[in-house]
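There are 2 protein chains.
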Amino acid sequence: MSFSLRQLRHFICIAEHQNISSAARELFLSQPALSTSIVQLEEELGLQLLIRHHARGVSLTPAGNTFLAQARSLVAHAEEVASTGRALGESAQGILEVGCFWTLSPFFLPGLLVLARERHPELEIKVSEGPLNELQKLLHNGNIEMALLYDIDLDPTLARLPLATVKPHVLLPASHPMANRASLSLKSLRDEPFILLDLPHSRDYFLGFFGKLGFQPRVRHRSQSFELVRGLVASGEGYGILNLQPASQQTYDGGKVKCLPIRERMPSLSVVLGHPAGLRQTGRAQAFMRCCQEYFKTTAQSQSV
Amino acid sequence: MSFSLRQLRHFICIAEHQNISSAARELFLSQPALSTSIVQLEEELGLQLLIRHHARGVSLTPAGNTFLAQARSLVAHAEEVASTGRALGESAQGILEVGCFWTLSPFFLPGLLVLARERHPELEIKVSEGPLNELQKLLHNGNIEMALLYDIDLDPTLARLPLATVKPHVLLPASHPMANRASLSLKSLRDEPFILLDLPHSRDYFLGFFGKLGFQPRVRHRSQSFELVRGLVASGEGYGILNLQPASQQTYDGGKVKCLPIRERMPSLSVVLGHPAGLRQTGRAQAFMRCCQEYFKTTAQSQSV
DNA sequence: GAATTAGATAGATTTTTTTTATGTCATTTT
DNA sequence: AAAATGACATAAAAAAAATCTATCTAATTC
Chain A
1 MSFSLRQLRH FICIAEHQNI SSAARELFLS QPALSTSIVQ LEEELGLQLL
51 IRHHARGVSL TPAGNTFLAQ ARSLVAHAEE VASTGRALGE SAQGILEVGC
101 FWTLSPFFLP GLLVLARERH PELEIKVSEG PLNELQKLLH NGNIEMALLY
151 DIDLDPTLAR LPLATVKPHV LLPASHPMAN RASLSLKSLR DEPFILLDLP
201 HSRDYFLGFF GKLGFQPRVR HRSQSFELVR GLVASGEGYG ILNLQPASQQ
251 TYDGGKVKCL PIRERMPSLS VVLGHPAGLR QTGRAQAFMR CCQEYFKTTA
301 QSQSV
Chain B
1001 MSFSLRQLRH FICIAEHQNI SSAARELFLS QPALSTSIVQ LEEELGLQLL
1051 IRHHARGVSL TPAGNTFLAQ ARSLVAHAEE VASTGRALGE SAQGILEVGC
1101 FWTLSPFFLP GLLVLARERH PELEIKVSEG PLNELQKLLH NGNIEMALLY
1151 DIDLDPTLAR LPLATVKPHV LLPASHPMAN RASLSLKSLR DEPFILLDLP
1201 HSRDYFLGFF GKLGFQPRVR HRSQSFELVR GLVASGEGYG ILNLQPASQQ
1251 TYDGGKVKCL PIRERMPSLS VVLGHPAGLR QTGRAQAFMR CCQEYFKTTA
1301 QSQSV
């Protein structure tokens, strides 16, 4: 069909040596192999590249000279593509696409991205936020290489790197009589109205708590918004349960909530980095993974257990 | 060692189809062939390019996407090199290196180069002038592809394309008593002094005339310069013999010469286009050849027989 | 739950590349 | 002038690479 890079490399080497035999030595080839290789190249181009001198090597035809420059530039280009290709697999530079489950992002991404910039200034990270199923689709299609997720109802084909576990906490209005205790039993809230964070997976997770305790909560409100749950709690509409807690007790509308550990032993949630199993990670992805581990080992742990 | 252009073409086609099987059909390959080809490419780069979906084709990893752009650009570059390479062999554009024997050049090159420019405006012609042996060396080394020469003592490995034959003429001072004849016998000049153009091959050629006639000329001057021969003739130092005649009878120093056909049948000189035998001609060279034939068939013939 | 789609794998086959052995033609040395 | 040397070409054999056929498996669709 067309010439190969191999043939061009052969031609360049011959042109440099002005001698097929010594070029063959440099290329660790036999002289006839190189000789036929170049004949084929000439036939493919329909162009005489070399003039053969008996007992005195070869020289380039004018056309061969012109073609040599082209060949050199193409081979150099190929070298470049090869090295950037390999770099894509090995080094931590370029663009890394990651995903983040949307209730996690405001808690961890700011710090994580700052750390990543510190560790790998050449690494540009693009984050897609969204619900679990959308992130999983992105992972499968290869739009993102990894995602920060809760390890709950995850596609079993996803590999997980555990980063932290976050325990559930009870949320009470600051004015609530039990708001200043060190911890709280869920049972003691049996008769109080409950504000449920009603998202696809969190729903079952939170309601599952009560099954274990043997009673059903009085659900007064269901909200898909993390902040609305806090706001409703602060305004005295009921108690809430959430795993992550903002640094401030203030709600968006100025109310105040208190956050208490649950005395009963309830299942924690794991925050993980999910990625398609069996897929070789790019160097960028590996670099980001290490950043996540570092970040959660230090900062995050103290912040939100 | 490194990837091949073939692999890159495969990868690009797969990326366009998002599907190995249909890409294989387009490439007239079997699906397994393409599948393994791309696996090898991935291994060579140490980089996952594709994500395989069961029953739904493939998609690109982010790294694959980046690499795709590089692959496209390299393949495009290769296409370009291929086409310019082929053009070097087939079309009449680019630089053509020719040689010209130095006494021929002022007579034919101006008209020839104008004609060539008319016929092939994209063809740039570079001329090397010199003596025969130098031109033959250039031909052998491939520095020039063809040369305009006299067919005299040529290297037998050179192929020749005859363009014209030029007959010898006698040169007399305009004031000479026989200067207005229509033609002249060399014998009638037996006792007059002779001015010899003393160049490697012309020397033997001209002196050979007298051998045939059975006498030796009285050589008064030998000159390596065509114009000096004319000047010496004009100033009355003797008669000369030359094949080609300038349009003007004037010499450089203002003298005047007359030029008469020789009555005896003397060997003519052939003007030929010489080129290394058995070497495939480039398209440029062929185009130039055709120009030479056209030029000598029309203009030149009338000008200088 | 059967049929379909799309990729992977294995063994056989074809094509391409390379090697070994040999030939030829200039050039250099004896 | 003859022999030795250097350098390329050619041919047959061997090795390596690419491709094919057939078969298998996992999701998806009907």
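In the order they appear, the protein sequences are chains A and B.
Residue numbering for the first sequence follows my numbering, starting at 1 and increasing by one per position.
Residue numbering for the second sequence follows my numbering, starting at 1001 and increasing by one per position.
All C-beta atoms, glycine included, are put in the ideal place defined by N, C-alpha and C.
Chain-ordered chain A contacts of residue i [CB-CB under 7 angstroms]
{"i": "L1341(B)", "result": "In the structure as shown, chain B starts at 1001 and stops at 1305, and residue 1341(B) therefore has no counterpart that could be examined."}
{"i": "Q1070(B)", "result": "V81, T84 and G85"}
{"i": "G1094(B)", "result": "T66"}
{"i": "E1097(B)", "result": "P62"}
{"i": "L1074(B)", "result": "H77, A78 and V81"}
{"i": "L1088(B)", "result": "L47, A63, T66 and F67"}
Strand pairing of residue i, partner residues [DSSP]
{"i": "G94(A)", "result": "L123(A)"}
{"i": "G274(A)", "result": "A147(A) and R160(A)"}
{"i": "G1211(B)", "result": "None, per the DSSP bridge assignment."}
{"i": "C100(A)", "result": "E129(A) and L148(A)"}
{"i": "F108(A)", "result": "In the DSSP output, where bridge partners are listed per residue, F108(A) has none listed."}
{"i": "S944(B)", "result": "Examination of residue 944(B) is not possible in this model, given that chain B is present from 1001 through 1305 alone."}
{"i": "R1086(B)", "result": "R1086(B) pairs with nothing; no bridge assigned."}
{"i": "R1218(B)", "result": "P1193(B)"}
{"i": "L1269(B)", "result": "V1166(B)"}
Through-space distance from residue j to residue i, alpha-carbon basis
{"i": "K256(A)", "j": "L172(A)", "result": "9 angstroms"}
{"i": "L1123(B)", "j": "M146(A)", "result": "57 angstroms"}
{"i": "A1024(B)", "j": "A76(A)", "result": "29 angstroms"}
{"i": "K297(A)", "j": "I125(A)", "result": "21 angstroms"}
{"i": "R86(A)", "j": "G111(A)", "result": "30 angstroms"}
{"i": "T1061(B)", "j": "P121(A)", "result": "22 angstroms"}
{"i": "I1038(B)", "j": "F1011(B)", "result": "6 angstroms"}
{"i": "G64(A)", "j": "G1142(B)", "result": "9 angstroms"}
{"i": "A78(A)", "j": "P32(A)", "result": "26 angstroms"}
{"i": "N1180(B)", "j": "C1259(B)", "result": "9 angstroms"}
{"i": "L34(A)", "j": "E1097(B)", "result": "28 angstroms"}
{"i": "T1282(B)", "j": "E42(A)", "result": "12 angstroms"}
{"i": "I1241(B)", "j": "R1230(B)", "result": "9 angstroms"}
{"i": "S223(A)", "j": "D198(A)", "result": "5 angstroms"}
{"i": "R1009(B)", "j": "Q40(A)", "result": "21 angstroms"}
{"i": "F3(A)", "j": "E44(A)", "result": "7 angstroms"}
{"i": "A1300(B)", "j": "F1209(B)", "result": "Note that A1300(B) scores 48 on pLDDT, short of 50, meaning its location in the model is unreliable; the coordinates nonetheless yield the value given after this. Near 25 angstroms, if we compare the C-alpha coordinates of F1209(B) and A1300(B)."}
{"i": "V58(A)", "j": "L1139(B)", "result": "13 angstroms"}
{"i": "R1280(B)", "j": "S21(A)", "result": "23 angstroms"}
{"i": "G1274(B)", "j": "S73(A)", "result": "33 angstroms"}
{"i": "C1100(B)", "j": "F1215(B)", "result": "34 angstroms"}
{"i": "N243(A)", "j": "S1030(B)", "result": "53 angstroms"}
{"i": "V1233(B)", "j": "L1104(B)", "result": "20 angstroms"}
{"i": "Q1286(B)", "j": "Q93(A)", "result": "53 angstroms"}
{"i": "L149(A)", "j": "P177(A)", "result": "35 angstroms"}
Chain-ordered chain A contacts of residue i [CB-CB under 9 angstroms]
{"i": "R1280(B)", "result": "E42, G46, L47 and Q48"}
{"i": "G1208(B)", "result": "Under the 9 angstroms cutoff, chain A gives no residues; its nearest Cβ is about 33 angstroms from G1208(B)."}
Within chain B, partners of residue i - CB distance below 9 angstroms
{"i": "E122(A)", "result": "Chain B residues near E122(A): none, gap ~14 angstroms exceeds 9 angstroms."}
{"i": "A145(A)", "result": "Checking the displayed sequence, the identity of residue 145(A) turns out to be Glu instead of Ala. What E145(A) touches in chain B: T1061, P1062 and A1063."}
Residue i: contacting residues in chain A (beta-carbon distance under 8 angstroms)
{"i": "G1274(B)", "result": "Near G1274(B) there are no residues of chain A at all, since even the closest Cβ is about 15 angstroms away, more than 8 angstroms."}
Nearest neighbour of residue i, chosen from the options [CA to CA]
{"i": "S83(A)", "options": "R1056(B), L1047(B) and E1264(B)", "result": "L1047(B)"}
{"i": "A277(A)", "options": "R1222(B), Q1093(B) and H1053(B)", "result": "H1053(B)"}
{"i": "L200(A)", "options": "N133(A), F210(A), S175(A) and D191(A)", "result": "Per the sequence presented here, residue 200(A) reads as Pro, with Leu not at that position. If we check each option's Cα against that of P200(A), N133(A) comes out closest."}
{"i": "E1026(B)", "options": "S1037(B), L1196(B) and I1014(B)", "result": "I1014(B)"}
{"i": "Y252(A)", "options": "I262(A), A92(A) and S235(A)", "result": "S235(A)"}
{"i": "M1(A)", "options": "F1028(B), M1001(B) and L1148(B)", "result": "F1028(B)"}
{"i": "D1151(B)", "options": "L1163(B), H1140(B) and I1144(B)", "result": "L1163(B)"}
{"i": "L1088(B)", "options": "Q1293(B), R1284(B), D1198(B) and R1290(B)", "result": "R1284(B)"}
{"i": "T165(A)", "options": "Q293(A), H17(A) and R6(A)", "result": "Q293(A)"}
{"i": "Y1239(B)", "options": "A1174(B), L1049(B) and G1254(B)", "result": "A1174(B)"}
{"i": "K167(A)", "options": "M266(A), L109(A), E227(A) and Q249(A)", "result": "M266(A)"}
{"i": "H221(A)", "options": "L138(A), G130(A), I195(A) and S22(A)", "result": "I195(A)"}
{"i": "D155(A)", "options": "L135(A), P177(A) and A116(A)", "result": "L135(A)"}
Beta-carbon neighbours of residue i, restricted to chain B and to distances below 8 angstroms
{"i": "I51(A)", "result": "H1140, N1141, G1142, P1276 and L1279"}
{"i": "S4(A)", "result": "S1004, L1005 and R1006"}
Per-residue contacts from residue i into chain B (C-beta, under 7 angstroms)
{"i": "L135(A)", "result": "What L135(A) touches in chain B: nothing, since even the nearest Cβ is about 15 angstroms away."}
Check: residue i C-beta below 7 angstroms from any heavy atom of the ligand MG
{"i": "H1201(B)", "result": "By its list of ligands, the structure shown contains no ligand whatsoever, and the ligand MG lies outside what it can speak to."}
Exercise for the section: Jot down the residue ranges of each uninterrupted alpha helix (DSSP H) in the segment 18–50 of chain A, minimum 4 residues, whole runs only, in chain order. Expected result: 20–26 and 31–45
Exercise for the section: Run through the segment 221–267 of chain A for me and flag every whole alpha helix (DSSP H) of 4 or more residues, listed as ranges in chain order. Expected result: 226–234
Problem - Segments assigned alpha helix (DSSP H), at least 4 residues, entirely inside the segment 122–175 of chain A - result: 132–141
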